[in-house]
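J.: The structure that follows is given in the form of structure tokens.
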Amino acid sequence: MKRTKMLSILLITTLLLLSGCAASTTAATVQREDDIVAITFDFQKQSGYATNQFAVWIEDADGNLVKTLYVTQFTANGGYEKRPDAIPAWVERSGIAKDNAQDATSGATPKSGLLRYVWDLTDEAGARVADGTYTYY
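Residue numbers (our numbering): 14 to 150.
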């Protein structure tokens, strides 16, 4: 018997871009498909040194990081030390500055276009999350 998960996603799409340290909001689509949540949005790469730094992560209702779905390599590899404005909310919540753990979800800054990140309803340790309300950043 398939387990049905009661889950609501509050959509908060904040991409913190280094160029001018501006916070930018973009339209995104959140789609629930069986036991995954797919988050899709149009990304337009900007020119300039160390720009386009972003992370996609899930938090629980208490504001605790549940899982990082993606973070740019520059930031994950210590770029937050060179550029403190590189995704400071994710840096704080992830604890990367404390334990300097490299996340397997990091990757090169993507090319412009439609991006899709999938959450399999698990936390960083791979355990299934409890029913509840989660926020996508």
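All C-beta atoms in this analysis are idealised placements derived from N, C-alpha and C, irrespective of residue type, glycine included. Treat the numbers as computed from the prediction; the structure is a model and nothing was measured.
Pick from T122, R141, W132: whose alpha carbon is nearest that of T64?
T.: For T64, the nearest C-alpha among the options comes from T122.
J.: Nearest to F87 by alpha carbon, out of E72, E137, L127, R96?
T.: Ranking E72, E137, L127, R96 by Cα distance to F87 puts R96 first.
J.: Which same chain residues, not among the five before or five after I100, have their C-beta less than 6 Å away from its C-beta?
T.: So the qualifying residues of the chain are L29, Q66, A68, T88.
J.: So, under 8 Å CB-CB, T81 and S107 are touching, yes? Tell me the CB distance rounded to an integer number of Å.
T.: Confirmed, Cβ separation roughly 6 Å.
J.: Just how far apart, CA to CA, sit E137 and W103?
T.: Distance between the alpha carbons of E137 and W103 is about 14 Å.
J.: Identify every run of the beta strand (DSSP E) within the region 115-139, keeping only runs that are complete inside it and at least 3 residues long; order them along the chain.
T.: Entirely contained in the region 115-139, the beta strand (DSSP E) runs reaching 3 residues are, in chain order, 126-132.
J.: Kindly indicate which three-state DSSP category A102 falls into: helix, strand or coil?
T.: DSSP places A102 in helix when its eight states are reduced to three.
J.: How about Y149 and T118: do their beta carbons lie closer than 8 Å?
T.: Contact flag unset, no.
J.: What is the DSSP secondary structure of G108, reduced to helix, strand or coil?
T.: If DSSP states are grouped into helix, strand and coil, G108 belongs with coil.
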